[in-house]
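Mapping the sequence shown onto my numbering, position 113 (from 1) lands on 210, and the numbers just tick up by one. Beta carbons are placed, not taken as given, at the ideal position from N, Cα and C, and that holds for glycine.
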Amino acid sequence: MSDWCDCFNFGISITKQASEIVMTMFQQHKDVRVKSSSADLVTETDERVENLLISAIRNRYPLHRFIGEESVAAGEHLELTDTPTWIIDPIDGTVNFVHRFPFVAISIAFTVNKQTEFGIVYSCVEDKLFCAQRGGGAFLNGEPLHVSGQEDISRCLVVTEIGAERDDLALSIMTSNIFRLLTLPVHGVRALGTAAVDMCQVATGGADVYYHIGMHCWDIAASAIIVQEAGGVVMDTDGSQFDMMSRRVIAASSLVVAGRVADMIQAFPCRRDDEQPV
Ligand code: LIP
Numbered sequence: 098m099s100d101w102c103d104c105f106n107f108g109i110s111i112t113k114q115a116s117e118i119v120m121t122m123f124q125q126h127k128d129v130r131v132k133s134s135s136a137d138l139v140t141e142t143d144e145r146v147e148n149l150l151i152s153a154i155r156n157r158y159p160l161h162r163f164i165g166e167e168s169v170a171a172g173e174h175l176e177l178t179d180t181p182t183w184i185i186d187p188i189d190g191t192v193n194f195v196h197r198f199p200f201v202a203i204s205i206a207f208t209v210n211k212q213t214e215f216g217i218v219y220s221c222v223e224d225k226l227f228c229a230q231r232g233g234g235a236f237l238n239g240e241p242l243h244v245s246g247q248e249d250i251s252r253c254l255v256v257t258e259i260g261a262e263r264d265d266l267a268l269s270i271m272t273s274n275i276f277r278l279l280t281l282p283v284h285g286v287r288a289l290g291t292a293a294v295d296m297c298q299v300a301t302g303g304a305d306v307y308y309h310i311g312m313h314c315w316d317i318a319a320s321a322i323i324v325q326e327a328g329g330v331v332m333d334t335d336g337s338q339f340d341m342m343s344r345r346v347i348a349a350s351s352l353v354v355a356g357r358v359a360d361m362i363q364a365f366p367c368r369r370d371d372e373q374p375v
């Protein structure tokens with residue numbers, strides 16, 4: 098069990114508090130701004146929630162560091178160090194939030210010495226709290242989670258994301274990956290529009306594998322430990338060790354399925370999250 102329990106319990110508490118803002122604004126009109134592409138959006142609520150989370154956590158743990166999606170978007174330097182660090186996506190599924198598509202999540206991961214100690218993903222509209230502490234198992238609303246253990250790729254339900262990239266190369270590779278899986282065939286392919294909640298479906302056993310190229314560390318850092326603590330496998334799309342800054346991930350019910358997907362899919366080039374700007 099993690100010895101960062103106070104941070105974990107505070108993380109749970111502040112997540113629930115922040116979700117009240119998300120749910121209040123969910124049905125309201127939103128002023129939307131575009132970031133890296135027409136599919137990469139931000140609202141005042143994303144920024145308000147991130148500011149609430151960071152200020153509350155910083156007040157309690159003044160020496161801790163933060164990697165927040167909207168802080169980075171505003172130009173804050175992204176560097177993961179050994180210092181206790183909170184990796185925050187204030188609203189994962191912002192496009193869903195703008196459209197009132199009911200899959201939006203607050204995602205918080207906590208690392209020490211670059212190792213994730215706990216992850217919290219709260220799917221606000223569903224009122225589903227996914228969480229895990231390193232060595233302590235994974236839970237959904239307090240009930241233990243375990244992956245499906247599926248080892249036959251042709252019997253897998255696959256979850257992925259189209260992401261925010263809209264250049265021809267990325268779209269061509271993304272759609273050809275889906276084509277290859279569907280013609281295998283797998284049982285199906287799903288995308289909820291939030292990487293964090295997508296990936297947590299593997300932890301519940303409701304999906305057997307999730308893969309994504311182009312997401313960011315804040316999208317999947319929390320759900321990665323949730324899948325691992327549910328008995329799943331998390332790796333890079335090339336089959337190498339998972340690296341939350343690489344913007345590539347496979348999370349699977351078994352090493353066999355993870356390896357099959359790694360063999361089948363192609364990645365497109367992405368700048369690492371921690372790559373220094375040129
Ligand atoms: C989103 C991801 C989702 C992806 C979207 C976007 P955000 O994160 O969770 O998987 O398809 O393009 O990146 O921007 O809503 O926090």
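Which whole-angstrom value describes the C-beta separation of residue i and residue j, a residue pair presumed to lie in contact below a C-beta threshold of 8 Å?
i: V283; j: S350; result: About 12 Å; that fails the 8 Å criterion.
i: R263; j: A136; result: 6 Å
i: C221; j: V195; result: Not confirmed; about 14 Å, so no contact.
i: A304; j: V324; result: That belief does not hold up - the Cβ atoms of A304 and V324 are roughly 10 Å apart, past 8 Å.
i: T182; j: H161; result: 7 Å
i: V354; j: I250; result: 6 Å
i: A292; j: M312; result: 5 Å
i: N238; j: I362; result: Not quite, the Cβ-Cβ distance comes to about 32 Å (not below 8 Å), so this is no contact.
i: I185; j: E214; result: The Cβ separation is near 15 Å, so there is no contact.
i: M342; j: D370; result: 4 Å
Whole angstroms are fine: how far does the CA of residue j sit from the CA of residue i?
i: R197; j: V146; result: 17 Å
i: P374; j: C314; result: 17 Å
i: S320; j: L289; result: 14 Å
i: E141; j: M122; result: 10 Å
i: F276; j: V244; result: 25 Å
i: S337; j: A348; result: 12 Å
i: C228; j: D265; result: 36 Å
i: R130; j: G356; result: 38 Å
i: G233; j: I317; result: 19 Å
i: P187; j: V218; result: 10 Å
Is the closest heavy atom of the ligand LIP to the C-beta of residue i under 7 Å?
i: M312; result: yes
i: G165; result: no
i: A170; result: no
i: A355; result: no
i: D189; result: yes
i: V73; result: Here the chain has residues from 98 to 375 only, and residue 73 is not among them.
i: M291; result: Per the sequence shown, residue 291 should be read as Thr rather than Met. Checking every heavy atom of the ligand LIP against the Cβ of T291, one is found closer than 7 Å.
i: E258; result: yes
i: D370; result: no
i: A136; result: yes
i: A261; result: yes
i: D264; result: no
i: D224; result: no
i: D128; result: no
i: D179; result: no
i: D316; result: yes
Using DSSP with H/G/I as helix, E/B as strand and the rest coil, what is residue i?
i: M312; result: coil
i: I270; result: helix
i: R231; result: coil
i: A206; result: strand
i: T334; result: coil
i: F236; result: strand
i: R357; result: helix
i: V244; result: coil
i: L278; result: helix
i: L352; result: helix
Over the uninterrupted beta strand (DSSP E) stretch that includes residue i, give me the two end residues.
i: R345; result: R345 to A349
i: D128; result: Run containing D128: none; DSSP gives neither H nor E here.
i: D438; result: Lying outside 98 to 375, the shown extent of the chain, residue 438 is not represented and no answer is given.
i: V255; result: L254 to T257
i: V169; result: Note, V169: premise wrong, no beta strand (DSSP E); alpha helix (DSSP H) at E166 to A170.
i: R368; result: Segment: none, R368 is in no beta strand (DSSP E) and carries neither H nor E.
i: V286; result: G285 to R287
Under DSSP, the alpha helix (DSSP H) around residue i begins and ends at which residues?
i: Q212; result: It is not in any alpha helix (DSSP H) - Q212 instead sits in the beta strand (DSSP E) that spans Q212 to S220.
i: L149; result: E141 to R157
i: V201; result: Unbroken run through V201: none, as it is neither H nor E.
i: V299; result: A292 to T301
Within 7 Å: the Cβ of residue i and any heavy atom of the ligand GTP?
i: D186; result: As for the ligand GTP, it is missing from this structure, which binds only the ligand LIP.
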